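What follows is a set of notes on a single structure, which appears directly below.
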Amino acid sequence: MVGLQDHFFIASPGDSVESLPEHGGTNKIGAAFETPSGRRLINPKDYMDIISSTRPNLWASLADEVPAWVTEKRNRLSIDRTLKWLDDCLSLDQEKGASTLGAVVGGPNIEHRKKCATEVSMRNVSGFYLGGFGLGESIEERSALLNAVTNILPEEKIRFVSRLGLPEEVLQGVAAGIDLFDSTYIYHLTLGGFALVFPLDILGEAPEALLRNSSNDYTKINLHATIYRKDTSPIVDKCSCYTCQNHTRAYLNHLLNVHEMLAQILLEIHNTHHYLGFFRSIRRALKQEKFELFRERFMESRRVHLMEAVPYS
Amino acid sequence: MALQFEVVGRFNRARASKLTLPHYVVQTPMFMPVGTQGTIKGLTNRQLEDIGCQIILGNTYHLALRPGAELIDELGGLHKFMNWKRGLLTDSGGFQMVSLLHLADITEEGVTFQSPVDGKPMLLTPEESIQIQNKIGADIIMALDDVVRTTITGPRIEEAMYRTLRWMDRCIAAHKRPDAQNLFGIVQGGLDPVLRDICVRGLVERNLPGYAIGGLAGGEDKDSFWRVVAQCTAALPEDKPRYVMGVGYPLDIVVCSALGADMYDCVYPTRTARFGTALVPEGVLKLKHNAMASDERPIDSTCSCMVCKNYTRAYIHSLVTRDAMGSQLLSYHNLSYMMRLSKDLHMSIVEGRFPEYVRGFLRTQFPKGDVPQWVCNAMEVAGIDISSCCAPVPV
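So the protein lines, in turn, are chains A and B.
Numbering of the first sequence is given in numbering that gives the first Met the number 0, commencing with residue 0 and proceeding in unit increments.
Numbering of the second sequence is given in numbering that gives the first Met the number 0, commencing with residue 0 and proceeding in unit increments.
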């Protein structure tokens, strides 16, 4: 229907732009989401109707995702519900779990997380959706929670997490054993007129060169800024995306200033390309068994520049 | 003169041509999409090339405001700034001045108006307009003319026509790049054949690279519209291109081409796309309509554009009004339609089947035979027999 027949399609009930999990509205009947047409409650049966119509390659089971600050009682309730809904979804699934990512929740509580992970692993699923992340937990406490879950999950099955978008968060997820990510990072960057510029070839460059490199110092640049008015260079030198191959920072600055739709289109093309390139670098580092070094170097180069960079807006 | 105009096919007054410009060789009849601020809303250059766009319009008024003529010049001209490799045409800025701005005042010197930036009085003179257009660097530039709406009557029309001729001379004098940019004159004179005739003769005397027919497409009745076009095309030189400004609807383009015009521009295809309307051989298709929600056909089964090959009416219906992509897909299709229309007009003339093409076009748009009277009148003058398309008129 959307003309992307040769692409892989994963479905999950939440999406950080138009369908935000609203734990306050979730009850025993179904999970609540805030959408452009108001709050919607969806139960396993309706959810499976959508799944069987849209026919994704993989789908996450319906979960009660709660943020990090809920009470222990609420947290335990979310686990019970999520497991029940997983079983409900599976019983309605014509493929018997062959495309299912079982949702694992448990909030900020390590023991709860482990218990839930163990339970979900016993079901007949093809992979796992680690729910409840990116909803307010701190980046420090997240590692322990992610690892608590992935240590229990079977090695050979896929792990998917939502709402971890910043490069540092992605690296954190990869380190903990996550395979699939989705987030609105690119979407929000583009809306704000930002373009990603951080260096991708972390391992290729000598560490000192990375730190000294002044043309690609920061994560991103905002093309609204007047310093780009006459900048005839591409967003990122030698980037092979359509935008960098055909257009200049000056043209993008103009398009943003006159509120032309083409600005977002061109920025989205570049940002997507750049971000996917980041993932490609990660895969390469993993294959070369240099991921920890990659992560270390990446974080180093950011720390130095954060000290002298413009305030993060 | 920086162009070559070669007629490669004819049928009575209609002609197909090959027009060689500094940046591109175009085929006429030809429709030019309007890219106001240096972009056609939401479409990339590659998409425009895929669609077959040959020349796009840039708007002098808007570009002079942002990013500014100086900046465009400094960065190598509009072609380089946008990275558009084909033809560009800029208008004089006069029309926007008059239609967009309150308290615009036209004097012999130029158009005085309030700057939208800081409210200060500003003056656009013929010299200034040409200077800005020289900096922008388009293949074709337009003279600053004194435009009046065809719905106005009285001495103002005559005044505007003579002033247009005087401003023409000032534009010619101010034009610093005649070897790289073609300055077209614009025929004014309202709906008065006498005034139009004086204006045509005056412009032809100045031996310009091309001529535009202006002051139309502003609310006049269709019967007056085609007569002005017919009069001008009859009087303008055979060996120079003729551009009817602000046209328009596919039907109007077919009629004007039959009468001997070559080039057209209009915001209609892209603007109507943003309201959810698609152009099809039968007329228009309103994608917002509830019936579209379950219609799994492409917009137009005879269209081979990317949109019609990949998307259904139902899907576009679900996007239109909710998501920018809806209007983008429709703009893509509508411009494809206009380029296909241009190509069909050109090829049917070259291949000696222009009247058949016109009849086919009219039958598809008016299956009940209710071809408007003005079209019948115009086709008679154009020497094309469309009696088989028209249902017999009840006595």
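Every residue, glycine too, gets a C-beta built ideally from N, C-alpha and C.
Model, not experiment: these values are computed from the prediction.
| field | chain B within 9 angstroms of residue 228/A, Cβ atoms only | value | yes
| task | Run down chain A in chain order and give the residues with a C-beta less than 7 angstroms from the C-beta of residue 37/B. | result | 253
| query | To which residues does DSSP link residue 263/B through a beta bridge? | reply | 30/B and 243/B
| Taking just the CA atoms, how far does residue 203/B sit from residue 195/B? | 12 angstroms
| request: Within 10 angstroms of the Cβ of residue 388/B, are there 16 or more other Cβ atoms? Answer buried if so, exposed if not. | output: buried
| field | Residues from the stretch 284-309 of chain B in contact with chain A, defined by Cβ distance under 8 angstroms | value | 309
| message | Would you say residue 206/B lies against chain A (beta-carbon separation less than 9 angstroms)? | response | no
| From residue 304/B to residue 49/B, what does the alpha carbon distance come to, in whole angstroms? | 9 angstroms
| task | Please list, in chain order, all residues of the same chain as residue 10/B whose beta carbon is under 7 angstroms from its beta carbon, the five residues on each side excluded. | result | 348, 353 and 354
| Rounded separation between residue 171/B and residue 140/B - CA only | 11 angstroms
| task | Could you tell me whether the Cβ atoms of residue 136/B and residue 180/B are closer together than 9 angstroms? | result | yes
| field | Minimum Cβ-Cβ distance from residue 121/A to chain B less than 9 angstroms | value | no
| query | Since residue 245/A meets chain B, which of its residues come closer than 7 angstroms, beta carbon to beta carbon? | reply | 44 and 82
| said: Using only the alpha-carbon positions, how far apart do residue 63/A and residue 8/A sit? | reply: 22 angstroms
| request: Indicate the three-state DSSP secondary structure (helix, strand or coil) for residue 378/B in the structure shown. | output: helix
| said: So if I threshold CB-CB distances at 7 angstroms, which residues from the stretch 23-35 of chain A count as touching chain B? | reply: none
| query | From residue 260/A to residue 110/A, what distance separates their C-alpha atoms? | reply | 48 angstroms
| task | Pull up the distance between the alpha-carbon of residue 22/B and that of residue 79/B, whole angstroms please. | result | 11 angstroms
| message | Could you tell me the alpha carbon to alpha carbon distance between residue 326/B and residue 66/B, rounded to whole angstroms? | response | 25 angstroms
| request: Give me the Cα-Cα distance between residue 395/B and residue 0/B, rounded to the nearest whole angstrom. | output: There is no way to answer for residue 395/B, as the model of chain B reaches only from 0 to 394.
| said: Taking the alpha-carbon of residue 77/B as reference, which of 55/B, 192/B, 227/B and 94/B has the nearest alpha-carbon? | reply: 55/B
| query | Apart from the five residues on each side of it in sequence, which residues of its chain come closer than 6 angstroms, Cβ to Cβ, to residue 14/B? | reply | 6
| query | Where does the unbroken alpha helix (DSSP H) through residue 53/A begin, and where does it stop? | reply | 43-53
| Below 9 angstroms between beta carbons: does that hold for residue 390/B and residue 329/B? | no
| task | Can you have a look at residue 212/A and say buried or exposed, based on whether 16 or more other CB atoms are within 10 angstroms of its CB? | result | Note that residue 212/A has pLDDT 49, beneath the 50 cutoff, so the model's placement of it is unreliable and the number below is only indicative. Exposed: under 16 other Cβ atoms inside 10 Å.
| request: Determine whether the Cβ of residue 69/A lies closer than 9 angstroms to any Cβ atom of chain B. | output: no
| request: Could you check what DSSP says for residue 84/A in three-state terms: helix, strand or coil? | output: helix
| request: Please confirm if residue 355/A has its CB atom under 9 angstroms from at least one CB of chain B. | output: It is not possible to answer for residue 355/A, since the shown part of chain A is limited to 0 through 312.
| request: Express the C-alpha separation of residue 230/A and residue 214/A in angstroms, rounding to a whole number. | output: Bear in mind that the predicted position of residue 214/A carries a pLDDT of just 46, short of 50, making it too unreliable to give a figure here.
| query | Rounded to the nearest angstrom, how far is the Cβ of residue 197/B from that of residue 244/B, given a contact under 8 angstroms? | reply | Going by Cβ atoms, the distance from residue 197/B to residue 244/B rounds to 19 angstroms, so no, they are not a contact pair.
| Between which two residues does the beta strand (DSSP E) carrying residue 121/B extend? | 120-123
| request: Whole angstroms is fine: what's the gap from residue 18/A's alpha carbon to residue 35/A's? | output: 8 angstroms
| task | Following the continuous alpha helix (DSSP H) through residue 428/B, name the residue where it begins and the one where it ends. | result | It is not possible to answer for residue 428/B, since the shown part of chain B is limited to 0 through 394.
| query | So with Cβ pairs under 9 angstroms, would you call residue 1/A a contact of chain B? | reply | yes
| task | Consult DSSP for residue 7/A and reduce its assignment to one of helix, strand or coil. | result | coil
| What is the rounded straight-line gap between the Cα of residue 230/B and the Cα of residue 309/B? | 44 angstroms
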